[in-house]
Structure formats: structure tokens, C-alpha cells
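Colleague: Which chain is which? The protein sequence lines are A and B, in order.
FYI, the numbering for the first sequence is 0 to 77, going by numbering that gives the first Met the number 0.
FYI, the numbering for the second sequence is 0 to 144, going by numbering that gives the first Met the number 0.
Have a look at this one.
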Amino acid sequence: MAVGELAGELPVSRPAVSQHLRVLKDAGLVRERAEGTRRVYRVDLDGVAAVRSYFDRFWDQALGDFKAEAERRERSKG
Amino acid sequence: MTTTEALAAINKTIVVEASQETAFETFTRHVTSWWPRSHTVFEDKVAEIVFDERVGGRVFERSTEGEEAEWADVLAWEPHERFVVRWRVNPERGPTELEIRFTPEGAKTRIDLEHRGWDDPEGRANYGPGWDFVLSHYTESFKSE
Chain A
0 MAVGELAGEL PVSRPAVSQH LRVLKDAGLV RERAEGTRRV YRVDLDGVAA
50 VRSYFDRFWD QALGDFKAEA ERRERSKG
Chain B
0 MTTTEALAAI NKTIVVEASQ ETAFETFTRH VTSWWPRSHT VFEDKVAEIV
50 FDERVGGRVF ERSTEGEEAE WADVLAWEPH ERFVVRWRVN PERGPTELEI
100 RFTPEGAKTR IDLEHRGWDD PEGRANYGPG WDFVLSHYTE SFKSE
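Okay, here's the thing in C-alpha cells:
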């Protein structure tokens with residue numbers, strides 16, 4: 000997606016979009032390439048994969064907490 | 000790692016020593032009592048996490064000051080067997096789908112979790128959920144300024 004296309008979907012100015020895209024690029028969430036005079040951005044799959052990997056670990060923790068609570072509730076019913 | 004592997008659905012299975020009803024209700028109606036506060040928007044100011052218990056309902060957090068933060072929309076609601084939500088707001092929780100199934104196994108219950116939709120590696124990668132995900136990060140960044 001080009002900067003102008005993104006700006007058209009957002010309630011902020013085009014320079015602000017460019018500035019924020021730089022932040023996203025530094026964070027590894029998007030990648031940038033030049034196409035003529037335009038800069039075109041795409042989602043960095045490695046960045047999305049990192050979030051997925053984070054959730055993969057998160058669910059192990061959360062399901063452990065869930066299991067403890069479900070079993071506590073079951074015992075207190077008895 | 001290939002793109003397909005990197006973005007495959009997350010699948011987890013656990014068995015809990017609780018009835019299907021207790022398991023389902025603990026996961027949904029009583030989620031506030033166990034959900035890790037480190038993975039909430041308001042952290043130590045979470046008053047409650049709420050599942051609107053119907054298709055089209057919301058899943059959201061409410062802070063002690065009455066603010067709300069949306070987590071998800073309910074796509075399927077079949078108590079006490081399964082539910083599906085579409086997570087759409089918090090930047091670290093992109094527009095993904097989470098399905099939890101509860102299956103009785105004697106006096107116990109098996110819970111199958113699938114967290115999917117990390118991206119569509121075949122075609123829509125640059126215009127589909129990937130961009131929704133990034134844009135949610137983007138709009139979130141205004142709030143910290």
C-alpha cells in the first residue's frame with residue numbers, strides 16, 4: 000500500500016502517516032520499498048509472526064491459570 | 000521458517016477436572032477471575048472483563064474508572080460447547096479468530112483452543128488482515144502521544 004492510500008483511510012495528514020510508518024518500520028511491523036517516486040509499504044510477515052509466537056506462549060500461561068480456576072470452582076461446588 | 004508455518008493457527012489442548020458447564024462458565028462469565036492482568040489493557044486497573052453472551056455481542060474490559068476497551072466480537076455462541084470470537088482492537092491482538100471448544104470426557108472436560116487468521120499468506124497478505132493488524136497498531140500509537 001502506498002502512503003497516499005493509507006492516508007485516505009485515516010483521519011490524519013499524509014506527513015503524519017509517513018512519520019508513523021517509520022515507527023512501524025522500526026518496530027519491524029512493515030517493510031518499505033521504493034517504486035518510482037512512491038514508497039510502498041507491506042506488512043512484515045516476520046513481525047506478524049512474532050506476535051503469533053507471543054500468543055503461542057501466552058496461551059500456555061493463560062490456560063494454566065484457567066485450569067486452576069475451573070478446578071477450584073468445580074471443587075467449591077461439590 | 001516458511002510463511003505458512005509462521006502464520007499457522009495456534010492449537011492448544013488441555014483437560015481440566017471440571018464439568019463442561021463449569022469449564023465454559025469459568026472461561027467466559029468468570030474470565031475476570033483468572034485472565035492474566037499482564038495481558039490486559041488496564042492491567043492493575045481492570046474492574047472486569049465482560050463477555051456479552053450472544054452472537055454479535057462484545058468482549059471488553061472495563062477499568063475501575065469506567066473506561067472500556069474492546070477486545071472482540073462474538074461470532075459463535077453455543078454454551079457450553081464452543082464459542083468463537085473475532086479479536087479486533089488491541090494492537091497486540093490483531094484481527095484474529097479464537098475458537099474454544101469444550102468436550103466432556105467423563106467427569107473432566109477437554110478444552111481445544113484454536114487461535115487462527117494470523118494472515119492469509121496466499122493472496123491478501125498486503126491488503127487483508129495484515130493491514131488491519133498494522134492499522135490497529137497505528138491508531139493505537141496516537142493514544143500514547
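Quick reminder that beta carbons are idealized off the backbone N, C-alpha and C, glycines included.
1. Please decide whether PHE50 (chain B) counts as near chain A, where near means a Cβ-Cβ distance under 8 Å.
2. For ARG38 (chain A), which beta-bridge partners are listed by DSSP?
3. Secondary structure at GLU80 (chain B), three-state DSSP: helix, strand or coil?
4. Taking ALA33 (chain A) as the reference, give the member of A:LYS24, A:GLU73, A:ALA1 and A:PRO14 with the closest Cα.
5. Going along chain A, which residues have a C-beta under 8 Å from HIS79 (chain B)?
6. On the CB-based measure, 16 or more other CB atoms within 10 Å of its CB, does ALA69 (chain A) come out buried or exposed?
7. Using the Cα positions of VAL50 (chain A) and ASP111 (chain B), report the straight-line distance between them to the nearest angstrom.
8. Provide the residue span of the beta strand (DSSP E) that contains PRO103 (chain B), from first to last.
9. Would you say GLU70 (chain A) reaches chain B, if we count a Cβ-Cβ gap shorter than 8 Å as a contact?
10. Distance check for LEU23 (chain A) and VAL30 (chain B), CA to CA, integer angstroms please.
11. Taking LEU20 (chain A) as part of the beta strand (DSSP E), name the residues at either end of that continuous run.
12. Roughly how many angstroms lie between the CA atoms of ASP64 (chain A) and ILE13 (chain B), to the nearest whole one?
13. Please name the residue or residues paired with ASP72 (chain B) in a DSSP beta bridge.
14. Does the distance from the CB of PHE57 (chain A) to the CB of HIS38 (chain B) come in under 8 Å?
15. DSSP state of ALA17 (chain B), grouped into three classes?
16. Are there 16 or more other CB atoms within 10 angstroms of the CB of ASP43 (chain B), so buried, or fewer, so exposed?
Modeller: The answer reads as follows:
1. The sequence position of residue 50 (chain B) within the second sequence is 51, counting from 1. Not one chain A Cβ lies under 8 Å of PHE50 (chain B).
2. Along the first sequence, one-based indexing puts residue 38 (chain A) at 39. Paired residue(s): A:ALA33.
3. Residue numbering aside, residue 80 (chain B) sits at position 81 when the second sequence is read from its first letter. GLU80 (chain B): coil per DSSP, three-state reduction.
4. For the purposes of this step, residue 33 (chain A) is taken as the residue at position 34 of the first sequence. Per the Cα distances, A:ALA1.
5. What you label residue 79 (chain B) is simply residue 80 of the second sequence in a count that begins at 1. In chain order: nothing, as chain A lies at least about 12 Å away.
6. One-based indexing of the first sequence puts residue 69 (chain A) at position 70. It counts as buried.
7. Here residue 50 (chain A) is taken as the residue at index 51 of the first sequence, counted from 1. Here residue 111 (chain B) is taken as the residue at index 112 of the second sequence, counted from 1. Approximately 21 Å between the Cα atoms of the pair.
8. Looking up residue 103 (chain B) in the second sequence gives position 104. Looking at the DSSP string, the run of the beta strand (DSSP E) that includes PRO103 (chain B) is 95 to 104.
9. Residue numbering aside, residue 70 (chain A) sits at position 71 when the first sequence is read from its first letter. So, interface residue.
10. Taking the first residue of the second sequence as position 1, residue 30 (chain B) is located at position 31. Taking the first residue of the first sequence as position 1, residue 23 (chain A) is located at position 24. Each residue's Cα considered, the two are about 32 Å apart.
11. Here the question's residue 20 (chain A) lines up with position 21 in the first sequence. LEU20 (chain A) -> not in any beta strand (DSSP E); alpha helix (DSSP H) instead, spanning 13 to 25.
12. Taking the first residue of the first sequence as 1, we reach residue 64 (chain A) at position 65. Taking the first residue of the second sequence as 1, we reach residue 13 (chain B) at position 14. For ASP64 (chain A) and ILE13 (chain B), the distance between alpha carbons rounds to 12 Å.
13. Within the second sequence, numbered from 1, the residue matching residue 72 (chain B) stands at position 73. Partner(s): B:ARG57 and B:ARG85.
14. One-based indexing of the first sequence puts residue 57 (chain A) at position 58. One-based indexing of the second sequence puts residue 38 (chain B) at position 39. Yes, Cβ-Cβ distance for PHE57 (chain A) and HIS38 (chain B) is below 8 Å.
15. Your numbering for residue 17 (chain B) matches position 18 in the second sequence. Three-state DSSP puts ALA17 (chain B) in coil, outside helix and strand.
16. As a working note, residue 43 (chain B) is residue 44 in the second sequence. Exposed, by the Cβ-count rule.
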